[in-house]
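Numbering (the working numbering), first residue to last: 15 to 153.
Quick notes on the structure that follows.
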């Protein structure tokens, strides 16, 4: 799956063009919404620093591939006030919001960042039917 501030670059991934309402939540006190894409107009103030307002992240989120790390395993349903929840939440101690995205020149908080042109090309190249895997190693 993928998302971005820009229009779908022609990826085979399920892709959502985000707007100012979209967020990624990872508040350990609310496990049912942990590591879940949200698309509802709300402030998310009660989540403190445990939410990324995707549009506000700037050009680094122009193109994003969601890495299959500690995601909810059960179905995601939309409940009260449009909040998306999982009945089988991930382990909230393992972290969340781990993406492959555009490099903004700064260190990431656990993500993988590449130059924008590379990211756009990767989005076109990635094929979920081929079950792609990212391997990271120390050189």
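Each residue gets a CB set at the ideal place from its N, CA and C atoms; glycine is no exception.
Item: Residue closest to residue 87, alpha-carbon to alpha-carbon, out of 96, 106, 76, 94; Value: 106
Item: Cβ pair residue 25, residue 133 closer than 8 Å; Value: no
Item: Buried versus exposed call for residue 79 [16 or more other C-beta atoms within 10 Å across all chains shown]; Value: buried
Item: Cα-Cα separation between residue 15 and residue 27, rounded to whole angstroms; Value: 5 Å
Item: Touch test, the segment 86-100 against the segment 40-51, Cβ-Cβ under 8 Å, three pairs minimum; Value: yes
Item: Beta-carbon gap between residue 38 and residue 111 smaller than 8 Å; Value: yes
Item: Residue interval of the beta strand (DSSP E) (run including residue 132); Value: It is not in any beta strand (DSSP E) - residue 132 instead sits in the alpha helix (DSSP H) that spans 130-139.
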